[in-house]
Structure formats: structure tokens, C-alpha cells
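See below for the structure under consideration.
Protein chains: 2
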Amino acid sequence: MPVENVHSPFVIPAEALLEHWQGHRRLSRRVIEAFPEDRLFSFSVGSMRPFGAMALELISMAEPMVRGIVTGNWDQSISRDARPKQEILRLWDESTEKINGLWPQIPAERFQETMTAFGKYPGRVYDLLLYVIDNEIHHRGQGYVYLRALGIEPPPFYER
Amino acid sequence: MPVENVHSPFVIPAEALLEHWQGHRRLSRRVIEAFPEDRLFSFSVGSMRPFGAMALELISMAEPMVRGIVTGNWDQSISRDARPKQEILRLWDESTEKINGLWPQIPAERFQETMTAFGKYPGRVYDLLLYVIDNEIHHRGQGYVYLRALGIEPPPFYER
Numbered sequence: 043m044p045v046e047n048v049h050s051p052f053v054i055p056a057e058a059l060l061e062h063w064q065g066h067r068r069l070s071r072r073v074i075e076a077f078p079e080d081r082l083f084s085f086s087v088g089s090m091r092p093f094g095a096m097a098l099e100l101i102s103m104a105e106p107m108v109r110g111i112v113t114g115n116w117d118q119s120i121s122r123d124a125r126p127k128q129e130i131l132r133l134w135d136e137s138t139e140k141i142n143g144l145w146p147q148i149p150a151e152r153f154q155e156t157m158t159a160f161g162k163y164p165g166r167v168y169d170l171l172l173y174v175i176d177n178e179i180h181h182r183g184q185g186y187v188y189l190r191a192l193g194i195e196p197p198p199f200y201e202r
Numbered sequence: 043m044p045v046e047n048v049h050s051p052f053v054i055p056a057e058a059l060l061e062h063w064q065g066h067r068r069l070s071r072r073v074i075e076a077f078p079e080d081r082l083f084s085f086s087v088g089s090m091r092p093f094g095a096m097a098l099e100l101i102s103m104a105e106p107m108v109r110g111i112v113t114g115n116w117d118q119s120i121s122r123d124a125r126p127k128q129e130i131l132r133l134w135d136e137s138t139e140k141i142n143g144l145w146p147q148i149p150a151e152r153f154q155e156t157m158t159a160f161g162k163y164p165g166r167v168y169d170l171l172l173y174v175i176d177n178e179i180h181h182r183g184q185g186y187v188y189l190r191a192l193g194i195e196p197p198p199f200y201e202r
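Protein chains in written order, with this note's numbering: chain A, 43 to 202; chain B, 43 to 202.
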């Protein structure tokens, strides 16, 4: 650990971080659900990606990140092709279950270790996990704008 | 603490959480800077608020949350009126300094305690802090869409 952290108290329990993330994942799932089937891979604002493509990115990072941290297997292969909303939701739910199974297998000390995620992104394990959560919040916020632009009220941000 | 957390290891040091947040705050500052002066309080997508109003919301939550946690003073008064970008950035930088001064004054055990933020929002202190960080990421993601819709490239998400 860097010197400046030696005397800094640890403040977030591993299980609370998982519950925090799964709360966000429940909200993100509702945002995916809120998109009309025919807009998920066709609508965007300002030449950005459609929300379906963002959702596939999130799926390609979430369970693979936790799996990599536990097993060292950083395989991330998932097709980014458009697909029906139900298929996105099925992949989402599969990831949720896998994450719940993998998380308790992260050894306590590993959270403070440095790993290179996906062979490319070095970082302390808790930072790698926060990055995946933050990236989800970031793109979901963009999904909120798409929904509003479509005249659809997004689910409340504070409901998890 | 809830029973299920008793044996869960603590995984994020207080100082690392502050550094994580200040990294996000540096990025959010760059997003504010990227807006043209005449669009900060006039442009939005889908009848949403302009980004300047969101920035004032973030300012009204950030330092006041940490101050409330440290002192129990939950005053949050800040005018939401439109103002020049330089004034927003000045308020932002003031908050940054105040947060850095207040954070080390949060007693270690307080992070696990339950408080009622702003007299309205009960929660465990680490969850209240994560909420403020997440809300910033959420609205900043919306700011990214506004910038793209204006034909402006936002700063890279991964640069903090």
C-alpha cells in the first residue's frame, strides 16, 4: 500500500460493495427494460452508440472483471451485435448470478493487490471494481437522456 | 452492522475513497469547462435540465454532505440561478478544498454509522458518500451527451 494509506481506516465492507453494485445493476436492468425494442440498437443522440451497444459493453466488463480477479482468466469475448431486448436481459441476469457466486471467492487481501485487468488495465483491485461500477453509472446516465429524448420517463435514480 | 457484514472484510481505505472521488471531481470540472459559456444554462436534451443546473446540484450536495457528516450542520443553501461558467468553476474549486479539509476529520467509526443526511435521507455514512459520488457520475454522463449533441468531444472518461 502507498505510505499515505497505511493509517487510513478501511471503510467499506466487501459485501456492502457487492450489494451497492447489485443495486445499481437492478436499476440498469430497469433502464434496459424501459427502451422500446426497436430503439435499443437504433436510437442515439449526437452520433453516440445506441444504449443496447452500451449494455453489451457493460455485460462484457462486469462478470469478466470479477472472474478475472478471482481466477486470472480474463476472457471477455462477447459479440457486440444487435440482439433482442430479452436476450440482453437474459445475459444481464446470468451475469448477476455469476457475480454473486464469484464475489465471495475474492480473497480479502486481493482487494488491495494490483492486477492487470484484461491484460491491459493495471490497477488496485478495488479501483478496478469501482471503475466497472462507475462506467455502468456513466453509460446508464446517458441512457436516461436517450429515454427522455424518446419521451419516456426513466426509472428513479435513487431506487435500487 | 447487519449480521451479514460482520465477517465481510473492509476493502476500501478512507483516503482511497477520497482520492477516487477527487479524481471524478477533476473530470467533472473538465466537463463543466468544455461547455460553451452560452450553453451551460440554456442547452439540454429531452426537456431535461441544462448542465449548469446539474453542476449547481452537485455543488449543493458534495461539500455539504461531508460537512454534515463531520459537524451535523446540514445547511445546503445555494442559489440555483444561472451564473457565469467561471463562477461555477470557482464554487467547484472551493468545494474541492473544503472537502479535502473536512474528509480527514470524519472519525473512522462514523463511516459505518447511520445518519440522516439533510434531515431527509437516512443511510449508512459510506452509502451516503457513495450516493453523492454516483449522482455526480450519473449527471456528468448526461453532460457528455449534451456535449456530443453540441458537436463537442467530451474529455476521456478514464482520465482523472
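Virtual Cβ for every residue (Gly too), placed ideally from N, Cα, C.
- Nearest to Leu-69/A by alpha-carbon distance, out of Pro-146/A, Arg-122/A, Trp-134/A, is Trp-134/A.
- Residue-level contact by beta carbon fails for Gly-110/A and chain B, as no gap is shorter than 8 Å.
- Ile-74/A is positioned such that its CB atom lies closer than 8 Å to that of Ile-130/A.
- In the DSSP annotation of this structure, the continuous segment of the beta strand (DSSP E) that includes Tyr-163/B starts and ends at 163-166.
- At a cut-off of 8 Å between C-beta atoms, Gln-184/A counts as an interface residue with respect to chain B.
- Per DSSP, the unbroken alpha helix (DSSP H) holding Met-96/A starts and ends at 93-113.
- Of all C-beta pairs linking the stretch 143-160 of chain A to the stretch 139-147 of chain B, fewer than three are shorter than 8 Å, placing the two stretches out of contact.
- Annotation for Val-73/B: the continuous alpha helix (DSSP H) segment containing it runs 56-76.
- When Cβ-Cβ separations below 8 Å define contact, Asp-176/A makes contact with chain B.
- The C-alpha of Val-108/B lies about 8 Å from the C-alpha of Leu-171/B.
- Straight through space, the alpha carbons of Ser-137/B and Asp-123/A are spaced by roughly 43 Å.
- If you compare the alpha carbons of Asn-177/A, Leu-59/A, Gly-110/A, Gly-65/A with that of Lys-162/A, the shortest gap goes to Gly-110/A.
- Considering only beta carbons, the part of the stretch 75-94 of chain B lying closer than 7 Å to chain A consists of Val-87, Gly-88, Ser-89, Met-90, in chain order.
- Judged by their CB atoms, Gly-183/B and His-181/A are nearer to each other than the 8 Å cut-off.
- The shortest C-alpha to C-alpha distance from Leu-100/A to any of Pro-196/A, Gln-118/A, Leu-59/A is the one to Gln-118/A.
- Put simply, the backbone Cα of Thr-156/A is about 44 Å away from that of Ser-89/B.
- Boundaries of the beta strand (DSSP E) around Met-157/A: 156-159.
- Beyond the five residues adjoining it in sequence on each side, Arg-71/B comes within less than 6 Å, by CB distance, of Trp-134 in the same chain, given in chain order.
- Neighbourhood of Val-187/A in chain B, by CB distance below 7 Å: Val-87, Gly-88, Met-90, Gln-184, Val-187, in chain order.
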